[in-house]
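**Student:** Once you've had a glance at the structure underneath, I'll fire off some questions.
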Amino acid sequence: MPSLRILRTFLAVAAEGSFTAAGQRVALTQVAVGLQMRTLENDLKRKLFARQGKLVTLNEQGRALVPIATQLVALYEQAKHGTRADAPLAGTVQFGSIVSALSQLVRATLELKRHHPAVDLHVVSGKSNRLIAQVENHELDAAVVVYNPAIKRPSLVWTPLYAEPMVLLAPRAARPAAPADMVERYPFIRFDRTEHTGELVERTLRRLRAKPQEFLELNSIETIVELVRDGMGVAMLPNLARHGWEGDPRLRVLPIAQTAESRQIALVQLRTAARAEIITAVGQQFVAALAVPD
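What the sequence shown shows, in the numbering used here, is residues 320 to 613, in sequence order.
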């Protein structure tokens with residue numbers, strides 16, 4: 320079984336997107352990170368990364384490992400700090416979540432409260448940047464947000480939860496083609512470039528060398544998806560977990576090759592969070608629920 324140190328390094332690579340940046344996060348050289356990741360791949364007997372120069376992205380096997388590694392590291396931290404798995408939890412915690420992860424967070428908090436009735440959990444939704452600011456200002460204890468590697472504040476602790484690979488959404492009636500051709504053939508509905516998700520879209524377009532037929536730019540994934548359903552154009556978006564776009568009779572979901580970015584979803588909290596044991600328990604429940612089929 321891989322060591323916890325290697326699993327922590329793996330989660331850092333998953334969050335940062337490069338061995339160099341991950342090394343800075345876990346105090347290792349780029350070479351040491353690379354050696355650990357090769358050791359992990361050898362131990363598990365499968366490739367976990369797609370490598371393009373200095374850029375490292377998780378492949379399907381790597382994305383599947385993120386919630387497992389997160390849970391293993393969290394369980395070790397729980398044991399290290401002497402918290403019994405069956406110890407009752409109590410207290411009030413304020414959580415935030417991006418809209419796309421809100422229902423999953425609510426399910427996790429309800430399940431935790433079922434086992435620990437003395438826990439009082441409050442959940443609000445919002446945009447990632449606002450939620451992170453609320454955590455820093457002590458207005459929220461923790462939040463499920465889009466991880467942005469550009470935010471490097473020592474006061475914050477990030478726990479990776481899962482990854483959402485970029486896909487191309489098109490109306491079911493659209494004639495399928497390569498993603499680069501689709502965004503040039505049909506009106507392109509773009510996600511807000513001032514948000515980190517919009518930056519991921521832009522980087523993917525550049526790697527595809529695609530020049531989209533610009534149509535609209537919006538700051539709502541749900542609205543963009545509805546416009547695509549109505550045949551108004553195509554969009555490049557993160558494949559939201561448990562949203563079932565592949566089964567939608569009005570949508571066509573086209574995977575993008577290894578040039579695509581992945582949106583990383585993480586739990587953010589202050590390093591000095593007062594209710595860390597409850598936050599950890601919610602994060603564990605969140606990850607565990609993702610592994611259970613609908």
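Glycine residues also receive a C-beta, built at the ideal position from the N, C-alpha and C atoms. The structure displayed is predicted, hence computed values, not measured ones.
For Ala331, collect the residues of the same chain with a Cβ closer than 6 Å to its Cβ; drop the 5 residues on either side in sequence, then sort them by chain order.
**Tutor:** Position 12 of the sequence shown, counting from 1, holds the residue named residue 331. Within the same chain, Ala331 has close Cβ partners Ala341, Arg344, Val345.
**Student:** Under the assumption that Ile575 contacts Met485 (Cβ atoms under 8 Å), give the Cβ distance between them as a whole number of angstroms.
**Tutor:** If you number the sequence shown from 1, residue 575 lands on position 256. If you number the sequence shown from 1, residue 485 lands on position 166. Ile575 to Met485, Cβ: 5 Å. Contact.
**Student:** Would Gln604 and Ala427 qualify as a contact pair, given that the criterion is a beta-carbon distance under 8 Å?
**Tutor:** Taking the first residue of the sequence shown as 1, we reach residue 604 at position 285. Taking the first residue of the sequence shown as 1, we reach residue 427 at position 108. Yes, Cβ-Cβ distance for Gln604 and Ala427 is below 8 Å.
**Student:** Assuming Thr411 is part of the beta strand (DSSP E), what are its boundary residues?
**Tutor:** Taking the first residue of the sequence shown as position 1, residue 411 is located at position 92. 410-416 is the span of the beta strand (DSSP E), which, as asked, contains Thr411.
**Student:** Taking the continuous alpha helix (DSSP H) assigned at Ile508, which residues delimit it?
**Tutor:** Counting from one through the sequence shown, the residue named residue 508 turns up at place 189. No alpha helix (DSSP H) contains Ile508, which is instead part of the beta strand (DSSP E) from 506-510.
**Student:** Among the candidates Arg548, Arg491, Val454, Ala492, whose CA atom is the shortest distance from the CA of Trp477?
**Tutor:** Taking the first residue of the sequence shown as position 1, residue 477 is located at position 158. It is Val454 whose Cα lies nearest to the Cα of Trp477.
**Student:** Using the beta-carbon count (16 or more within 10 Å), is Pro436 buried or exposed?
**Tutor:** Locating residue 436 in the sequence shown gives position 117, counting from the first residue. Exposed is the call here.
**Student:** Taking one C-beta from the region 416-435 and one from the region 543-555 each time, how about it: are there three or more such pairs within less than 8 Å?
**Tutor:** With the cut-off at 8 Å, the region 416-435 and the region 543-555 do not touch.
**Student:** What does the Cβ neighbour count give for Glu580, buried or exposed, with the cut at 16 atoms within 10 Å?
**Tutor:** Residue mapping note: residue 580 aligns to position 261 of the sequence shown, counting from 1. Looking at its Cβ environment, which holds 16 or more other Cβ atoms inside 10 Å, Glu580 is buried.
**Student:** With Val352 and Thr328 assumed to form a contact (beta carbons below 8 Å), what rounded beta-carbon distance in angstroms separates them?
**Tutor:** Here residue 352 corresponds to residue number 33 of the sequence shown, with the count starting at 1. Here residue 328 corresponds to residue number 9 of the sequence shown, with the count starting at 1. Their Cβ separation, rounded to whole angstroms, is 6 Å, which keeps Val352 and Thr328 in contact under 8 Å.
**Student:** Pairs of beta-carbons, one from the region 531-541 and one from the region 465-477, closer than 8 Å: are there three or more?
**Tutor:** Verdict: no, contact absent.
**Student:** At 3 residues or longer, and completely inside the region 563-607: list those beta strand (DSSP E) runs for me, N to C.
**Tutor:** Runs of the beta strand (DSSP E) inside the region 563-607: 570-574, 581-589.
**Student:** In this structure, how does DSSP classify Arg525 when only helix, strand and coil are distinguished?
**Tutor:** On the sequence shown, position 206 is the one that residue 525 refers to. Three-state DSSP puts Arg525 in a helix.
**Student:** Output the distance between the C-alpha atoms of Gln588 and Leu475, rounded to the nearest integer angstrom.
**Tutor:** On the sequence shown, position 269 is the one that residue 588 refers to. On the sequence shown, position 156 is the one that residue 475 refers to. Distance between the alpha carbons of Gln588 and Leu475: 6 Å.
**Student:** With a cut-off of 8 Å on the beta carbons, I'd call Val465 and Arg582 a contact; round off their distance for me.
**Tutor:** As a position in the sequence shown, residue 465 is number 146, starting the count at 1. As a position in the sequence shown, residue 582 is number 263, starting the count at 1. About 6 Å; that satisfies the 8 Å criterion.
**Student:** Please say whether Pro479 and Ala333 have beta carbons closer to each other than 8 Å?
**Tutor:** To locate residue 333, count along the sequence shown from 1; it is residue 14. To locate residue 479, count along the sequence shown from 1; it is residue 160. Yes.
**Student:** Which value, in whole angstroms, describes the spacing of the CA atoms of Asn378 and Glu521?
**Tutor:** For the purposes of this step, residue 378 is taken as residue 59 along the sequence shown, with counting starting at 1. For the purposes of this step, residue 521 is taken as residue 202 along the sequence shown, with counting starting at 1. Their Cα atoms are separated by approximately 20 Å.
**Student:** Compute the distance between the beta-carbons of Ala600 and Leu431, then report whether it is under 8 Å.
**Tutor:** Taking the sequence shown and counting its residues from 1, one reaches residue 600 at position 281. Taking the sequence shown and counting its residues from 1, one reaches residue 431 at position 112. It is a contact, given that the beta carbons lie within the stated cut-off.
**Student:** Start and end of the alpha helix (DSSP H) containing Arg324?
**Tutor:** Here residue 324 refers to the residue found at position 5 when the sequence shown is read from its first residue. That run of the alpha helix (DSSP H) goes 323-335.
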